[in-house]
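Taking it in order: structure first as structure tokens, then the write-up.
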Amino acid sequence: MLALPFFSRPKLTLKGTRVTLRLPAPSDYHEWAALRHESRAFLEPWEPRWARDELERAGWRHRIRRYREEFAAGTAIAFLIFENETDRLIGGVTIGNIRYGVSQSAQIGYWMGERYAGKGYMQDAIRALISHAFGAMRLHRIEAACIPENARSIRVLEKAGFTREGLLRSYLRINGVWQDHYIYALIADERRDAETKG
Numbered sequence: 001m002l003a004l005p006f007f008s009r010p011k012l013t014l015k016g017t018r019v020t021l022r023l024p025a026p027s028d029y030h031e032w033a034a035l036r037h038e039s040r041a042f043l044e045p046w047e048p049r050w051a052r053d054e055l056e057r058a059g060w061r062h063r064i065r066r067y068r069e070e071f072a073a074g075t076a077i078a079f080l081i082f083e084n085e086t087d088r089l090i091g092g093v094t095i096g097n098i099r100y101g102v103s104q105s106a107q108i109g110y111w112m113g114e115r116y117a118g119k120g121y122m123q124d125a126i127r128a129l130i131s132h133a134f135g136a137m138r139l140h141r142i143e144a145a146c147i148p149e150n151a152r153s154i155r156v157l158e159k160a161g162f163t164r165e166g167l168l169r170s171y172l173r174i175n176g177v178w179q180d181h182y183i184y185a186l187i188a189d190e191r192r193d194a195e196t197k198g
């Protein structure tokens, strides 16, 4: 079966109050590479070690291909985050390891360009993603893992209503080192109850 090019697939766009989430397109390369380059020192402590071709066009093409394959398989959806006011790329968020059956769960990961961090954009992006995950995707549980020293990320998750459930020892290899992570989760029923009360 011939797969459609990633950019010709149906568009999936999520709208927040201040941001819009949309699937990456090949034409996003220059803006993505520039933002990641200027934010490298800010991002590297919290991400897997960057590949040698991380910011090169060949690396971007490989990334787009992987996004397309995961999207087609229904295992992950990667979004870029754009500021509504300026339509400027400010970060990215992925919902991955999507499982149905008895689990109906997924994990989220995210990054923000340094100059846009701490301004509430990620909070808005995660709210839009959560609404989609518990709505159209019909998930029951969303998880997120966070290095204990990453105070910004912890703040984002807790403000979004995630509950810390425990510590996963030596869970992910981040910047070349196996790191412990807190595991956070948000359950659809708990979120609905909180919204009803709030």
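Just so you know, the sequence shown maps onto residues 1 to 198 in our numbering. Note that the Cβ used here is the ideal one computed from N, Cα and C, for glycine as well.
Spatially closest choice to Glu182 from Ile147, Asn175, Arg36 and Arg173, by CA coordinates = Note on identity: in this sequence residue 182 is Tyr, with Glu being the wrong assignment. Comparing Cα-Cα distances from Tyr182 to each of Ile147, Asn175, Arg36 and Arg173, the minimum goes to Ile147.
Assign Val177 to one of two classes, buried (16 or more other C-beta atoms within 10 Å of its C-beta) or exposed (fewer than that).
-> exposed
Based on the DSSP secondary-structure assignment, which residues constitute the bridge partners of Ala106?
-> Ile142
Considering only C-alpha positions, which residue in the set Ser39, Phe79 and Gly59 is nearest to Thr13?
-> Phe79
Contact set for Leu129: own chain, Cβ-Cβ below 8 Å, skip 5 residues either direction = Leu14, Leu21, Phe79, Val93, Ile95 and Ile108
Nearest-angstrom Cα distance between Ala106 and Asp124?
-> 19 Å
Just checking my contact of Gly91 with Met122 at CB under 8 Å: how many whole Å lie between their CB atoms?
-> 7 Å
Gly120 versus Gly74: straight-line alpha-carbon distance, rounded = 29 Å
Close-in-space but distant-in-sequence residues of the same chain around Glu190 (CB under 7 Å, 5 per side omitted) = none
Let me know if Ala133 comes out buried or exposed under the rule of 16 or more other beta-carbons within 10 Å of its beta-carbon.
-> buried
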